[in-house]
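Engineer:
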Amino acid sequence: MVRTLSAPVTVAFDYTRSTGPVLGRFLTGLRDGVVVAGRTSDGRVVVPPPEFDPVTHEPLTDFVDVAATGTVSSWTWVPEPVKAQPLDRPFAFVLVTLDGADTPFLHALDVSSPDEVSTGMRVQVRWRGERAGAVTDIECFEPLRDGDETGSPATGSTQDPVTGVITPVELDYLYAASPEESSFYRGLAEGRILGQRCPACGKVYVPPRSACPADGTPTTDEVELSETGTVTTFCVVNVPFLGQRIKPPYVSAYVLLDGADIAFLHLILDIPAEEVRMGMRVKAVWKPREEWGTTIENISHFAPTGEPDADYDTYKQHL
Amino acid sequence: MRDVAVVGFAQRQMEEFDGSPTCVELLVPLFEECYEQTGWTRKDVGFWCSGSSDYLAGRSFSFVQAVDAIGVLPPVNESHVEMDLAWALYEAWLKIQTGEVDTALVYAFGKSSAGVLRRTLALQLEPYTMTPLWPDTVSLAGLQARVGLDAGLWDERAMAEVANRSLTAAEKNEYAVRKGGSSVEELLARPMYADPLRKHDCAPVTDGAAAIVLAAGDRAREVCERPAWISGLSHYVDPMSMGTRDLTRSPSAARAAAAVGIDGVEVAELHAPFSHQELILRRELGLGDDVAVNPSGGALTSNPMFSAGGIRIGEAAKRIWSGEASRTLGHATSGPALQQNLVCVLDADQTSNRKGA
Amino acid sequence: MAKQPAAVVGIGQTHHRAKREDVSMAGLCREAIDRALVDANMTLDDIDAIVVGKAPDLFEGVMMPELFLAESLGAAGKPLLRVHTAGSVGGSTAIVASSLVQAGVHKRVLTVAYEKQSESNAMWALSVPVPFNMPVHAGAGGYFAPHVRSYIRRSGAPNHVGAIVAAKDRTNALKNPFAHLHNEGTTVESVLASQMLWDPIRYDETCPSSDGACALVIVDEDTAKASPNPAWIHGTVMRSEATTAAERDQVNPQASRDAAAALWKQAGITSPIDEIDAAEIYVPFSWFEPMWLESLGFADANGGGWRLTESGATAMDGRLPVNCSGGVLSSNPIGASGMLRFGEAALQVRGAAGEHQVDGARKALGHAYGGGSQFFSMWVVGAEKPTN
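Protein chains in written order, with my numbering: chain E, 4 to 322; chain Y, 1464 to 1820; chain S, 1184 to 1571.
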C-alpha cells in the first residue's frame, strides 16, 4: 500500500488581461500583421516595447514599426515540448533581432533539428491565419529563404485597438495528502471516522494534522470517533460561484463529533435550512457502500438525530 | 547594525516527496533538528518567516498550513515571502535589526514534483508576451548559455568542469540527490539534452525543505561555539527582459557583492541551477581562483525550489562552524537567467569590517 | 537597539473599480506609485528599495509578479522584496517597508500593494477544490459567516448592527473619490432588504471585488524634514496563529488580542478609545466592525463592540470614527486593502484625507487581517514624532 493518497487536480482559468496603452499598441500591431517596437530614451528600438522607459520611468510613447524579418542572436533546442508551447514537435526557442530593432525578441523557430538553426541566421515571422491581438499571432519564426517575399500581410487597421488579451493558464498537479490525512481517508473508505490525538496537549483532531497546530508536536495516537456530533455554528450558502459543486442554497456547518476537539465543515440536509440552529445534534448519513472511495464525501451529509439540542455551554469554547 | 549570526541549519531533499504539498511533515523534524542544535524550544524563537510559492502547490494560501508545524499557541510574530528562503532570512535579519526581536527561525519548502516544474515556472514570466509561449526554465537558461558560448566567454569544457566538480563534491553530501563525478571527457561524451545544455548542466527537479536559525549578539554566543556572523547581506534585482539585458552578465549579483565586500572569502556557495551560471557568478562576484566553490555540490546536485538559495547560506555557515574557514559566502538567485540575486557573507569573527546592505 | 524614527511622507492609490480595463498590472501599480511620489515630492530615482505586497498569485495567474514588474516599478538595479501574508498582506508589506527604515538599512523606501482580481475571479481562486475534501467551501464569505453567527449568539447583538456598519461605510465612501463603490442612498433598511448571501451575511454587508493599488513612501527622520506633514510611525505589530487549532476562538482570536496589546504598548497608548482619533479597520463583512472593536480593546468583549457601533460612535462625527474612507466594504483589491487601511490612517494624521478628514486627527490606527482570522498586522501613526 502506498504511504499517501494522491489525486489529480487541474488549476485552469482563461485570464482576461487588460493591456494598457503600450502593450495594447504592440498587440494591435500584431493583429494587423505588423511588429511595433518602442524607442526608449537612450535611442534603442526595443521589441516588445517596454511599458515604461528604463531610464526616465515615463510611460513609453515613441513607437516605430520594424520588419518581420530578422537575425537570430541566440537559440536553444527544445527536445520535449511541454503543453501549450508554440509547437508540439521539437523546435528551437530563439532570440531574434528584427530588422530595425536594436534588441532581440523571444519566440520559437520551426526547424526540425538543431543542425538547422544557428546564431546569425536570417528568419522571418510566420503569421497566424486568424489573429486575435496576442503574441501568438506570430505562430513562430521560420528560416528566411532567398527569394522569399518579405512583405508582411499588413492589413491596415480597420478595427478598434486591442485593449485586452485572454491568456489561458492550465496547470496539472498531482495532489498528495499527508500520511495522517491518508489514514483518515482510508478509514472513511471503511466507514470509520479516525481522528488523531496530540500526545502533548491531548486534543483530538479530525481530520488529523501532521503536527498539532497548537504546539507543533506530531500527532500520533489514532482515535476512532463516533459519527454523531453537534453543529457548533453554520451558514446558509445562497450564492452560486464558478467551480461550485453543491447547488445552493445549502447549509455549510461546523460539525463537532463526539470525542473530537475540533469541528470540521460539512453539509447539513434532511431539514429545511431555516430550521438549522447552533447546538443541533446530527449524525452522519453515508452514501451507499458501493459508492465509497477514500474521501470524506462518503458521508453524503449530516442529518438531525432528533435529540434535544446540546447546551450552549458544552460547545461555546469551540466557536 | 546589530551583530546577527547563523546558529542553526537543517535540510531535507529528495527527488520525489510523496506527502502533502504543504510539507508539514518535512518541516517538523527540521524544526526538531534546529532545537537540538540550539537547545531551544519554539518559545525561544522571536520571529518566524517562511518562503514558498502557491503555484508550486497549486493552491492559494498554501503556506498557511505550514504554520501548523510551528505550534502557534501562543500566537507568534510571523511573516511570509513568496520568495526563496534566502529572502525570508533577509526579512528575519531585518526584524532583528529593528531591535524588536533577538532570535528568528526561517524556513522554506517546495514540492516541485507536484506539477511539471519547468512548465509551472513559465508563469513567473511577463504574462502578456512571454508566458503565452510557455518558455521553460531550461530553454531560458539555454539561450543565456549560448550567448556566452558564441562570445567565447566560456565553452562547453568549462561548463563540464563545473558539473564534474559539483558531482564529485556531492559524493560527500548526504543530502544531494545527484552525485558521482567522472571526468570532463566522459561528461562531454554524453548527448546534448537541450542544446547547448546537457542533462548534467541543469539542476535536478528536487523536493525539499530547509530551516535556518538566526540569533543576535549574546543569544548567538549562548548556543553556538563559533557563530557564523552575518557581516554583509545585500540583494538586488535586474529587469526581466531576455532582450534588453546582457545575458552574460548579472549586474544585480555584482551590486550585491560590491555592497557587502567579498575580500577574504575562502568558500563560496553559489546558487547556480545551470553550470554556465556558476561561471557568470564567479566573474560578477569577483571571486578569485583560490575560492572554493560549492563544496556541497551546489544546485546542480540538488535544487529544492524555494530552499535552494537559503541552503547555500546554511552550507556556508557550516564551514564556519566546523572551523574549516573564517569567511564564507552564500548566494541565492531568483527569476530567469540570474535576474535577482542575494549575497550573504559570513564571518567567524564578529568584529570584522562590515558594509551594510 | 531602538528603532529609528520613520515616517510616511507620500500616499497614493488608484481609483478602485470592479475592472480597471484601462491599465495593465504595471499601469495599475504605477498609478498609485506616481501619486505617492508626487505627494512625497520625490521621483523613483530617489528611492532606495521597493517592497511589493500581493495576495495569492492565482488571482492574476502570475507567479512572483514582482519579477516581471521590476523595471516598470523602477526597481531595476535596486533591492526588491515581495511579501505575502494572505489578506493582511497590505499591512505586513508596509511593516516590512518601515522596518527597512527603522533598522537604518535604507533611507527612502517605496512600498506598493495591488490586486487586479478582474483578470480571474476571486471566488474561484479562493475555492479551488482540494481532493478528498468536502466541497462546501464557498469563498471568504462562506468561511466567515458561521463565525459571524457565533459572535451574534455570544454577544446577544440585535440583527441590524451589521446593517448600521454597511450603511455607514458606504455613505462614507461617497466622500472618497478613490473608493470603488459610490452607492447613494444606502440605509439600514436598504441593507436589511438586500439578498442573504451566506446567512447571516447579506449582499450589502459584503465587500466588493476590486482592482486597485496603494503605495506609500516611507522615509527616515532626515528626509522627513522636507515634508510639512509626515505621518510618524508609532508602532507596528504582526501576529499569527493556526487556522485550525482545537478550541481556537474564531470570533476574538488570541493573535488579534495579542497584537493589539503589543501595539498599544509600543505606541504608548493606555486607553485606545480615548487616544485614537480615527481608525481604519479591516472590515470585509460588516459584522467585523463590532468584532474587531472588541478584539482591539476599544470596547469590552461579548457585546461592547456592537453597543459602540449601535450608538453611532463609529460614524465620521462620532467618538471613534471608523473607516471614514469607506473601508474594505467599499473597496477591496485584496492585496492592497491592508495597505489602504494603513495609508488612510496616515492621511488622517497628515490632515490630507480631504472630504473624509476627521477634524484634528493626531493619532490613527491602521489594521489588517487575513487567512482564517489568523494573520494580523497593525500600526499606529501620529502627527508628532514618537517620544520613546
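Where is the CB? At the ideal position from N, CA and C, for every residue including glycine.
Remember, predicted model here, so these are calculated numbers, not experimental data.
Assuming His1550(S) contacts Ala1362(S) under a Cβ cut-off of 8 Å, what Cβ separation, rounded to an integer in Å, is found between them?
Structural biologist: His1550(S) to Ala1362(S), Cβ: 18 Å. No contact.
Engineer: Counting Cβ pairs closer than 8 Å, one from the region 1521-1534 of chain Y and one from the region 185-192 of chain E, do we hit at least three?
Structural biologist: With a cut-off of 8 Å, the region 185-192 of chain E and the region 1521-1534 of chain Y do not count as touching, because too few Cβ pairs lie within range.
Engineer: Which residue from Gly1502(Y), Ser1715(Y), Ala1666(Y) puts its Cα closest to that of Leu1580(Y)?
Structural biologist: Measuring from the Cα of Leu1580(Y), the nearest candidate turns out to be Ala1666(Y).
Engineer: Relative to the alpha-carbon of Leu1250(S), which residue among Val1235(S), Leu1241(S), Phe1242(S) has its alpha-carbon at the smallest distance?
Structural biologist: Comparing Cα positions, the closest option is Val1235(S).
Engineer: Just how far apart, CA to CA, sit Arg47(E) and Arg1661(Y)?
Structural biologist: Rounded to the nearest angstrom, the two C-alpha atoms are 35 Å apart.
Engineer: Could you check which residue in Ala1259(S), Met1208(S), Met1225(S) has the C-alpha nearest to that of Asp1240(S)?
Structural biologist: Among Ala1259(S), Met1208(S), Met1225(S), the Cα nearest to that of Asp1240(S) belongs to Met1208(S).
Engineer: Tell me whether Asn301(E) sits in a helix, a strand or coil according to DSSP, three-state version.
Structural biologist: Helix at Asn301(E).
Engineer: Counting C-beta neighbours from all protein chains within 10 Å, is the total for Met1622(Y) 16 or more, i.e. buried, or is it exposed?
Structural biologist: Buried.
Engineer: Is the beta carbon of Leu109(E) sitting closer than 7 Å to the one on Met1703(Y)?
Structural biologist: No, the pair does not count as a contact, with Cβ atoms beyond the cut-off.
Engineer: Among Arg280(E), Gln127(E), Pro146(E), which has the Cα closest to the Cα of Thr233(E)?
Structural biologist: Measuring from the Cα of Thr233(E), the nearest candidate turns out to be Arg280(E).
Engineer: Please say whether Ile1216(S) and Ala1398(S) have beta carbons closer to each other than 7 Å?
Structural biologist: It is a contact, given that the beta carbons lie within the stated cut-off.
Engineer: Using only CA atoms, which one of Glu1527(S), Trp1470(S), Gly1509(S) lies nearest to Pro1341(S)?
Structural biologist: If we check each option's Cα against that of Pro1341(S), Trp1470(S) comes out closest.
Engineer: To the nearest angstrom, how far is the alpha carbon of Gly1193(S) from that of His1663(Y)?
Structural biologist: Distance between the alpha carbons of Gly1193(S) and His1663(Y) is about 50 Å.
Engineer: Going along the region 1402-1435 of chain S in order, which residues come within less than 9 Å of chain Y, judged by CB to CB distance?
Structural biologist: Within the region 1402-1435 of chain S, the residues whose Cβ lies closer than 9 Å to some Cβ of chain Y are Thr1419, Val1420, Met1421, Arg1422, Ser1423, Glu1424, Ala1425, Thr1426, Thr1427, Ala1428, Arg1431, listed in chain order.
Engineer: For chain S, check one thing: does any of its Cβ atoms lie closer than 7 Å to the Cβ of Asn1540(Y)?
Structural biologist: Taking Cβ atoms only, chain S reaches closer than 7 Å to Asn1540(Y), which makes this a yes.
Engineer: Have a look at Gln1803(Y) and Trp1556(Y) and give me their C-alpha separation to the nearest angstrom.
Structural biologist: In a straight line, the C-alpha of Gln1803(Y) is about 19 Å away from that of Trp1556(Y).
Engineer: By the criterion of Cβ-Cβ separation under 9 Å, what are the contact partners of Asp1205(S) in chain Y?
Structural biologist: Those do not exist, as Asp1205(S) stays about 15 Å from chain Y at its closest Cβ, beyond 9 Å.
Engineer: Mind pulling the alpha helix (DSSP H) runs of 4 or more residues that sit fully within the region 1270-1316 of chain S?
Structural biologist: Listed in chain order, they are 1272-1285, 1305-1309.
Engineer: Closer than 8 Å by beta-carbon distance: list the chain E residues that pair up with Glu1254(S), in chain order.
Structural biologist: Pro53, Phe55, Pro57, listed in chain order.
Engineer: Consider the Cβ of Pro1714(Y): report whether some Cβ of chain E lies at a distance smaller than 7 Å.
Structural biologist: Closer than 7 Å: no.
Engineer: List in chain order: all unbroken beta strand (DSSP E) runs of 3+ residues lying wholly within the region 1506-1540 of chain Y.
Structural biologist: Counting whole runs of 3 or more residues, the region 1506-1540 of chain Y contains the beta strand (DSSP E) stretches 1510-1514.
Engineer: Looking at the unbroken beta strand (DSSP E) that takes in Phe1558(S), where does it start and where does it end?
Structural biologist: Note, Phe1558(S): beta strand (DSSP E), 1558-1565.
Engineer: Less than 7 Å between the beta carbons of Ala1674(Y) and Tyr1570(Y), yes or no?
Structural biologist: Yes, the Cβ-Cβ distance between Ala1674(Y) and Tyr1570(Y) is below 7 Å.
Engineer: Between which two residues does the alpha helix (DSSP H) carrying Gln1531(S) extend?
Structural biologist: Per DSSP, Gln1531(S) belongs to the alpha helix (DSSP H) from 1517-1533.
Engineer: Go ahead and pull the three-state DSSP assignment for Pro11(E).
Structural biologist: Pro11(E) falls in the strand class under three-state DSSP.
Engineer: Under 7 Å Cβ to Cβ from Val1272(S), same chain only, skipping five residues before and after it: list those, please.
Structural biologist: For Val1272(S), where only same-chain residues beyond five positions count, the Cβ hits under 7 Å are Gly1236, Lys1237, Ala1238, Val1266, Ala1296, Gly1518, Gly1521, Gly1553.
Engineer: In three-state DSSP terms, what is Cys201(E)?
Structural biologist: Coil, per DSSP.
Engineer: What does Thr1438(Y) touch in chain E if you count any residue whose Cβ is under 8 Å from its own?
Structural biologist: Beyond the ends of chain Y as shown, which are 1464 and 1820, falls residue 1438(Y); an answer cannot be given.
Engineer: What residues from the region 1650-1679 of chain Y come within 9 Å of chain E, judged by C-beta to C-beta, listed N to C?
Structural biologist: The residues in question are Met1655, Tyr1656, Ala1657, Asp1658, Pro1659, Leu1660.
Engineer: Looking at C-alpha atoms only, which residue of Asn1359(S), Lys1408(S), Pro1383(S) is the closest neighbour of Arg1336(S)?
Structural biologist: Answer by Cα proximity: Pro1383(S).
Engineer: Is the Cβ of Arg1227(S) closer than 7 Å to any Cβ of chain E?
Structural biologist: One detail in the question is off: residue 1227(S) reads as Leu in this sequence, not Arg. Chain E contact via Cβ: present.
Engineer: Cβ of Ser1423(S) within 7 Å of Cβ of Val1539(Y)?
Structural biologist: Cβ atoms of Ser1423(S) and Val1539(Y): closer than 7 Å.
Engineer: For Val5(E), count neighbouring C-beta atoms within 10 Å of its own C-beta (all shown protein chains included) and say buried if the count is 16 or more, exposed if not.
Structural biologist: Per the 10 Å Cβ criterion, exposed.
Engineer: Cutting at 7 Å between CB atoms, please list the residues of its own chain near Ala1633(Y), excluding the five before and the five after it.
Structural biologist: Hits under 7 Å: Ala1639, Arg1641, Lys1642, Gly1760, Thr1764.
Engineer: What is the DSSP secondary structure of Phe1471(S), reduced to helix, strand or coil?
Structural biologist: Of the three classes helix, strand and coil, the one that applies to Phe1471(S) here is helix, per DSSP.
Engineer: Kindly identify the DSSP beta-bridge partner or partners of Gly1671(Y).
Structural biologist: BP columns for Gly1671(Y) point to Gln1476(Y), Gly1573(Y).
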